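In our numbering, the protein residues as written are 949 to 984.
Only one structure is covered here, and it is reproduced in the block below.
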């Protein structure tokens with residue numbers, strides 16, 4: 949039995965992680981293009 953609060957928390961955590969990864973990748977791309 950899963951409580952709805954846990955799944956909602958997992959969804960929010962996943963969204964935050966995806967946003968952080970996307971921000972990291974875009975920052976890395978900008979840094980890499982500035983280096984070359």
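Positions of the beta carbon are idealized from the N, C-alpha and C atoms, including for glycine.
Please read these numbers as outputs of a predicted model, since none were measured by experiment.
* May I have the straight-line CA-CA distance separating residue 975 from residue 951, to the nearest angstrom? => Locating residue 975 in the chain shown gives position 27, counting from the first residue. Locating residue 951 in the chain shown gives position 3, counting from the first residue. About 37 Å.
* First through last residue of the alpha helix (DSSP H) which encompasses residue 955 -> Your numbering for residue 955 matches position 7 in the chain shown. Taken as a continuous stretch (DSSP letters only), the alpha helix (DSSP H) holding residue 955 covers 952–983.
* Asked: residue 973 to residue 956, Cα distance in whole Å?
  -> Within the chain shown, the letter at position 25 stands for residue 973. Within the chain shown, the letter at position 8 stands for residue 956. So the alpha carbons of these two residues sit roughly 26 Å apart.
* Asked: In angstroms, rounded to a whole number, what distance separates the CA positions of residue 959 and residue 970?
  -> Residue numbering aside, residue 959 sits at position 11 when the chain shown is read from its first letter. Residue numbering aside, residue 970 sits at position 22 when the chain shown is read from its first letter. Residue 959 and residue 970: Cα-Cα distance of roughly 16 Å.
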